[in-house]
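Visitor:
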Amino acid sequence: MTDQIHSVDVSEMGRDKSAESDTAVDERVRKVPAWKRLLHRPEFGAISGAVLVFVFFFITAGDSGMFASDGIMNWATVSAQLGLIAISACLLMIAGEFDLSIGSMIGFAGMMMTIPAVYWGWPIWGAILFAFVGAMMIGFINGYIVVKTGLPSFIVSLAFLFILRGLTIALSILFTNRTIIGGIDKYAEGDWLAVVFGGTIGHGFFIWLADMGLISTYKDGYPIVDGIPMVIIWCIGLAIVASWVLLRTSFGNWIFATGGDDKAARNVGVPVDKVKISLFMFTAFTATVYAACQVFEFGSAAADRGVLKEFEAIIAVVIGGALLTGGYGSVIGACFGALIFGVVQMGIFFTGIDSDWFRVFLGGMLLIAVLFNNYIRKKVTEARH
Amino acid sequence: MSEFIIELKNVSRFFGSVIALKDINMQVKLGEVHCLLGDNGAGKSTLIKTLAGVHAPSEGEYYLDGKPVVFKSPVEALDAGIATVYQDLALVPLMSVTRNFFMGRELTTGRGIFKRFDLEKANRIAQAGMAEMGINVRDPSQAIGTMSGGEKQCLAIARAIHFGAKVLILDEPTAALGVKQSANVLKVVAKAKARGLAVILITHNVHHAYPIADRFTLLNRGQSLGSFLKSEVSREDVLEMMAGGQELDELTAELEEFSRLDATA
Numbered sequence: 001m002t003d004q005i006h007s008v009d010v011s012e013m014g015r016d017k018s019a020e021s022d023t024a025v026d027e028r029v030r031k032v033p034a035w036k037r038l039l040h041r042p043e044f045g046a047i048s049g050a051v052l053v054f055v056f057f058f059i060t061a062g063d064s065g066m067f068a069s070d071g072i073m074n075w076a077t078v079s080a081q082l083g084l085i086a087i088s089a090c091l092l093m094i095a096g097e098f099d100l101s102i103g104s105m106i107g108f109a110g111m112m113m114t115i116p117a118v119y120w121g122w123p124i125w126g127a128i129l130f131a132f133v134g135a136m137m138i139g140f141i142n143g144y145i146v147v148k149t150g151l152p153s154f155i156v157s158l159a160f161l162f163i164l165r166g167l168t169i170a171l172s173i174l175f176t177n178r179t180i181i182g183g184i185d186k187y188a189e190g191d192w193l194a195v196v197f198g199g200t201i202g203h204g205f206f207i208w209l210a211d212m213g214l215i216s217t218y219k220d221g222y223p224i225v226d227g228i229p230m231v232i233i234w235c236i237g238l239a240i241v242a243s244w245v246l247l248r249t250s251f252g253n254w255i256f257a258t259g260g261d262d263k264a265a266r267n268v269g270v271p272v273d274k275v276k277i278s279l280f281m282f283t284a285f286t287a288t289v290y291a292a293c294q295v296f297e298f299g300s301a302a303a304d305r306g307v308l309k310e311f312e313a314i315i316a317v318v319i320g321g322a323l324l325t326g327g328y329g330s331v332i333g334a335c336f337g338a339l340i341f342g343v344v345q346m347g348i349f350f351t352g353i354d355s356d357w358f359r360v361f362l363g364g365m366l367l368i369a370v371l372f373n374n375y376i377r378k379k380v381t382e383a384r385h
Numbered sequence: 001m002s003e004f005i006i007e008l009k010n011v012s013r014f015f016g017s018v019i020a021l022k023d024i025n026m027q028v029k030l031g032e033v034h035c036l037l038g039d040n041g042a043g044k045s046t047l048i049k050t051l052a053g054v055h056a057p058s059e060g061e062y063y064l065d066g067k068p069v070v071f072k073s074p075v076e077a078l079d080a081g082i083a084t085v086y087q088d089l090a091l092v093p094l095m096s097v098t099r100n101f102f103m104g105r106e107l108t109t110g111r112g113i114f115k116r117f118d119l120e121k122a123n124r125i126a127q128a129g130m131a132e133m134g135i136n137v138r139d140p141s142q143a144i145g146t147m148s149g150g151e152k153q154c155l156a157i158a159r160a161i162h163f164g165a166k167v168l169i170l171d172e173p174t175a176a177l178g179v180k181q182s183a184n185v186l187k188v189v190a191k192a193k194a195r196g197l198a199v200i201l202i203t204h205n206v207h208h209a210y211p212i213a214d215r216f217t218l219l220n221r222g223q224s225l226g227s228f229l230k231s232e233v234s235r236e237d238v239l240e241m242m243a244g245g246q247e248l249d250e251l252t253a254e255l256e257e258f259s260r261l262d263a264t265a
């Protein structure tokens, strides 16, 4: 019975190979159009959404300066900041967990590096390393509680959302008697590690662009934008590394397995607990990178930094095609989700649309993305015979 | 090399006051399909979990290749070459054929921080492994959620064979399958046998068991009714010995009684 079907298969394959060699075709489905296969990529929705958003703003705000050098840097920076935490939130969501404490961690990590540097006389690099170690330890505790108790990470990290935000305010009042600490820029000057977060690169290139008259300049010919902020470099770098880890390493396979079915994963020897804990530590890491970039760009830390960022990250991840139930998603998609977010948020200023509409748009976008993802999941998992 | 790869001698297993298994004797040979038959509650699950290292025998001895063994965990049994494919199959529907095939035991290349999952080679191996089981996977990167129950079963079996199983324990592999898919799975069992593996097939469907089995062990209420070579028993004998046999006779008698009453009424 099957032999017959398979012999048909083989002859079919010979013909198919010339056209589309790696098409996912069922034995009773003759051909799937290329656009339909594209639909099955998790990042498809986010990439096409980003294209639509760009087209929209090109038409409505093309001459408003949104696509001049400073305009581009503006939305690119906002997108990259969100992209940073969306990358880690994405890996964690694929592994089947949430971290709602990312936003609070941004505020807490900012204080962890600012207070020692400004009030206790620590060298900046020491304060930054202290913040990274401290944040990742909290991430570890967060993950450890989740895997050991089996409680939903939604609740555990919600608790940390409040604990960390409260601690940020309480401790900064306790140590410094204020909630906004400025003036870190003068300590950071010349520090080798602070530059990695607060600096810009490509200085010479932008001067050259200005000399060639390709980008806008001040009256004295100095370019308005004189370099790419490090946060953008961090975001792109982490996106490449995280995507590579997810798609091309054993650890990436464990992430998919953990989120897809943790019982099955455990049965074949995947260290599910280790995977989850290390991803909680990774979200804490990216929150600290976010905090460091912000602190050294503005020269200050504030206790209310990062409020609501955990939800923005989740929105970017879901727009990027990840399933809330885990096991499916894309880092590249999450980055495009963050790009949509940043472009719309900034673009609304440039078009002159009342910015109150931004949230309406965001909610609508989220809803569409979830419906779309749900449909795709059904397509991917339904048995066909 | 012992004659039997697995031998159980008077194995019993108790859970508190419950006697789940009592004095089971069983021999399994390489290159043979050994069918474990019994109704629900006969102790089939307890027996395979004992074989798979989930439970240790409360009494009796477990010999692997002539040497007495005590497995502390399923992983130890797996390392010794005893692979169990449970009904849930330990597969993730959203992941691809290849990713499932190598889940937890990824094929890597490179070293240090550049050590990576060798997907191209893994794709080829998974495809070849499935092809050997008679399943033609065109695209090993397709999610297995799109595959049929029988194909998934075959994937789980192919995976166990690839990772060096000597003894393959299949827990009700045809329970949820249609006729055609069951036939596919039984073909795969025959292929595993042809490769020299010992297969322990658990089922309560005699019609699936009889054509493929070389040896039967019948369980009833935690006790063995004995092991038989196929040459020693007929299909009807086997049916008779299963708990269902006697009850089905009674049912037939009762039905005849009803129809007789109908006729007279």
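Chain order of the listed sequences is A and B. Okay, so the first sequence: first residue is 1 according to the UniProt record's numbering, each after it adds one. Okay, so the second sequence: first residue is 1 according to the UniProt record's numbering, each after it adds one. Ideal Cβ placement from N, Cα and C applies to all residues, glycine included.
Could you tell me the alpha carbon to alpha carbon distance between residue 261 (chain B) and residue 153 (chain B), rounded to whole angstroms?
Guide: In the second sequence, the residue the question calls residue 261 (chain B) occupies position 261. In the second sequence, the residue the question calls residue 153 (chain B) occupies position 153. Near 47 Å, if we compare the C-alpha coordinates of residue 153 (chain B) and residue 261 (chain B).
Visitor: My output table needs one value for residue 294 (chain A): the three-state DSSP class, helix, strand or coil.
Guide: What you label residue 294 (chain A) is simply residue 294 of the first sequence in a count that begins at 1. It is helical.
Visitor: Taking 9 Å as the cut-off, decide whether the C-beta atoms of residue 50 (chain A) and residue 343 (chain A) are in contact.
Guide: Stepping through the first sequence from its first residue, residue 50 (chain A) is reached at position 50. Stepping through the first sequence from its first residue, residue 343 (chain A) is reached at position 343. Yes, Cβ-Cβ distance for residue 50 (chain A) and residue 343 (chain A) is below 9 Å.
Visitor: Do you know offhand how far residue 146 (chain A)'s Cα is from residue 288 (chain A)'s?
Guide: Stepping through the first sequence from its first residue, residue 146 (chain A) is reached at position 146. Stepping through the first sequence from its first residue, residue 288 (chain A) is reached at position 288. Distance from the CA atom of residue 146 (chain A) to the CA atom of residue 288 (chain A), rounded to whole angstroms, is 21 Å.
Visitor: Nearest by alpha-carbon distance to residue 142 (chain A): which of A:205, A:296, A:278 and A:298 is it?
Guide: By one-based count along the first sequence, residue 142 (chain A) stands at place 142. For residue 142 (chain A), the nearest C-alpha among the options comes from A:278.
Visitor: Exposed or buried, what is residue 76 (chain B) when buried is set at 16 or more other beta-carbons lying within 10 Å of its beta-carbon?
Guide: Working through the second sequence from its first residue, we reach residue 76 (chain B) at position 76. By the neighbour-count rule (16 or more Cβ atoms within 10 Å), residue 76 (chain B) is not buried but exposed.
Visitor: For residue 261 (chain B), which three-state DSSP category applies?
Guide: The residue labelled residue 261 (chain B) in the question sits at position 261 within the second sequence. Correct three-state label for residue 261 (chain B): helix.
Visitor: Does the distance from the C-beta atom of residue 336 (chain A) to that of residue 47 (chain A) stay below 9 Å?
Guide: Indexing the first sequence from 1 puts residue 336 (chain A) at position 336. Indexing the first sequence from 1 puts residue 47 (chain A) at position 47. Yes.
Visitor: Would you verify that the beta carbon of residue 93 (chain B) is, or is not, closer than 9 Å to some beta carbon of chain A?
Guide: Taking the first residue of the second sequence as 1, we reach residue 93 (chain B) at position 93. Interface residue, yes.
Visitor: Alpha carbon to alpha carbon, how far is residue 327 (chain A) from residue 280 (chain A)?
Guide: As a first step, residue 327 (chain A) is located in the first sequence; it is residue number 327 there, counting from the start. As a first step, residue 280 (chain A) is located in the first sequence; it is residue number 280 there, counting from the start. Roughly 16 Å between the two C-alpha positions.
Visitor: Can you tell me whether residue 15 (chain B) is buried or exposed? The criterion is at least 16 other CB atoms within 10 Å of its CB, across all chains shown.
Guide: As a first step, residue 15 (chain B) must be located in the second sequence, where it is residue number 15. Exposed, because fewer than 16 other Cβ atoms sit within 10 Å of the Cβ of residue 15 (chain B).
Visitor: Note down, in chain order, every chain B residue with its Cβ under 9 Å from the Cβ of residue 253 (chain A).
Guide: Locating residue 253 (chain A) in the first sequence gives position 253, counting from the first residue. Neighbours of residue 253 (chain A) on chain B, chain order: 95, 99, 102, 103, 104, 106 and 117.
Visitor: Can you find a CB in chain A that lies within less than 9 Å of the CB of residue 88 (chain B)?
Guide: To locate residue 88 (chain B), count along the second sequence from 1; it is residue 88. True, the Cβ-Cβ gap to chain A drops below 9 Å.
Visitor: Could you say if the stretch 219–228 of chain A and the stretch 193–208 of chain A meet the contact criterion of at least three C-beta pairs nearer than 8 Å?
Guide: Between the stretch 219–228 of chain A and the stretch 193–208 of chain A, the count of C-beta pairs closer than 8 Å reaches three or more; the two stretches touch.
Visitor: Could you run through the stretch 264–281 of chain A and flag, in chain order, every residue whose CB is less than 8 Å away from some CB of chain B?
Guide: 264, 265, 267, 268, 269 and 270
Visitor: At least one CB of chain A closer than 9 Å to the CB of residue 75 (chain B): is that the case?
Guide: Residue numbering aside, residue 75 (chain B) sits at position 75 when the second sequence is read from its first letter. True, the Cβ-Cβ gap to chain A drops below 9 Å.
Visitor: What three-state label does DSSP hand residue 237 (chain B) in the structure shown?
Guide: Residue mapping note: residue 237 (chain B) aligns to position 237 of the second sequence, counting from 1. It is helical.
Visitor: Sorted by chain position, which residues of the same chain lie with C-beta nearer than 8 Å to residue 95 (chain B)'s C-beta, five sequence neighbours on each side aside?
Guide: For the purposes of this step, residue 95 (chain B) is taken as the residue at position 95 of the second sequence. Answer for residue 95 (chain B): 103, 143 and 144, listed in chain order.
Visitor: For residue 222 (chain A), does the count of other Cβ atoms within 10 angstroms reach 16, so buried, or fall short, so exposed?
Guide: As a position in the first sequence, residue 222 (chain A) is number 222, starting the count at 1. Counting the other Cβ atoms within 10 Å of the Cβ of residue 222 (chain A) gives fewer than 16, which makes it exposed.
Visitor: Roughly how many whole angstroms lie between the Cα atoms of residue 33 (chain B) and residue 230 (chain B)?
Guide: Along the second sequence, one-based indexing puts residue 33 (chain B) at 33. Along the second sequence, one-based indexing puts residue 230 (chain B) at 230. Cα-Cα distance, rounded: 11 Å.
Visitor: Comparing alpha-carbon positions, which option in A:88, A:106, A:149 and A:83 lies nearest residue 393 (chain A)?
Guide: Because chain A here runs from 1 to 385, residue 393 (chain A) falls outside it and cannot be looked at.
Visitor: Starting from the C-beta of residue 137 (chain B), find all residues in its chain whose C-beta is less than 8 Å away, skip the five residues before and the five after it, and write them out in chain order.
Guide: On the second sequence, residue 137 (chain B) is found 137 positions in, with the first residue counted as 1. Within the same chain, residue 137 (chain B) has close Cβ partners 97, 126, 127, 130 and 131.
Visitor: Please go through the same chain and pick out, in chain order, the residues whose beta-carbon is closer than 8 Å to the beta-carbon of residue 114 (chain A), but skip the five residues on each side of it.
Guide: Here the question's residue 114 (chain A) lines up with position 114 in the first sequence. Excluding sequence neighbours, residue 114 (chain A) sits near 127, 181, 184, 295, 300 and 301.
Visitor: With 9 Å set as the bound, which would you pick, yes or no: does the beta-carbon of residue 373 (chain A) sit closer than that to a beta-carbon of chain B?
Guide: Position 373 of the first sequence, counted from the start, is the residue given in the question as residue 373 (chain A). No, residue 373 (chain A) lies away from the interface with chain B (no Cβ there is under 9 Å from its Cβ).
Visitor: Along the beta strand (DSSP E) that carries residue 157 (chain B), what are the first and last residues, could you check?
Guide: Numbered from its first residue, the second sequence carries residue 157 (chain B) at position 157. Segment 149–162 is the alpha helix (DSSP H) holding residue 157 (chain B); no beta strand (DSSP E) there.
Visitor: For a test of the three-state rule: what should DSSP assign to residue 102 (chain B), helix, strand or coil?
Guide: Numbered from its first residue, the second sequence carries residue 102 (chain B) at position 102. DSSP places residue 102 (chain B) in coil when its eight states are reduced to three.
Visitor: From the DSSP secondary-structure annotation, give me the bridge partner or partners of residue 27 (chain B).
Guide: Residue 27 (chain B) sits at position 27 when you count from the first residue of the second sequence. Answer is B:7.
Visitor: Between residue 191 (chain A) and chain B, is any beta-carbon pair separated by less than 9 Å?
Guide: Here residue 191 (chain A) is taken as the residue at index 191 of the first sequence, counted from 1. Chain B contact via Cβ: absent.
Visitor: What are the start and end residues of the alpha helix (DSSP H) that includes residue 312 (chain A)?
Guide: Within the first sequence, the letter at position 312 stands for residue 312 (chain A). 309–319 is the extent of the alpha helix (DSSP H) around residue 312 (chain A).
Visitor: Here's a check: name, in chain order, each residue in its chain whose Cβ is nearer than 7 Å to the Cβ of residue 119 (chain A), leaving out the five neighbours to either side.
Guide: Within the first sequence, residue 119 (chain A) is the residue found at index 119, counting from 1. Here the set comprises 175 and 176.
Visitor: What does DSSP give as the partner residue(s) for residue 34 (chain B) in the beta ladder?
Guide: As a working note, residue 34 (chain B) is residue 34 in the second sequence. Per DSSP, the beta bridge partners of residue 34 (chain B) are B:200 and B:215.
Visitor: Determine, using beta carbons only, whether residue 327 (chain A) comes closer than 9 Å to chain B.
Guide: Stepping through the first sequence from its first residue, residue 327 (chain A) is reached at position 327. So, interface residue.
Visitor: Would you grab the beta carbon distance between residue 65 (chain B) and residue 161 (chain B) for me? Rounded to a whole angstrom, and I think it's under 8 Å.
Guide: Looking up residue 65 (chain B) in the second sequence gives position 65. Looking up residue 161 (chain B) in the second sequence gives position 161. 18 Å between Cβ atoms; not a contact.
Visitor: Please decide whether residue 14 (chain A) counts as near chain B, where near means a Cβ-Cβ distance under 9 Å.
Guide: In the first sequence, the residue the question calls residue 14 (chain A) occupies position 14. Any reading at residue 14 (chain A) must be qualified, since the residue scores a pLDDT of 39, below 50, and its modelled position is unreliable; no value is offered.
Visitor: With a cut-off of 8 Å on the beta carbons, I'd call residue 261 (chain A) and residue 272 (chain A) a contact; round off their distance for me.
Guide: Looking up residue 261 (chain A) in the first sequence gives position 261. Looking up residue 272 (chain A) in the first sequence gives position 272. The Cβ separation is near 10 Å, so there is no contact.
Visitor: Tell me which residues share the same chain as residue 30 (chain A) and place their Cβ nearer than 7 Å to its Cβ, disregarding the 5 neighbours each side in the sequence.
Guide: As a first step, residue 30 (chain A) must be located in the first sequence, where it is residue number 30. With a pLDDT of 46 at residue 30 (chain A), under the threshold of 50, the modelled position of that residue is not reliable, and the figure given next carries that caveat. Same-chain partners within the cutoff: there are none.
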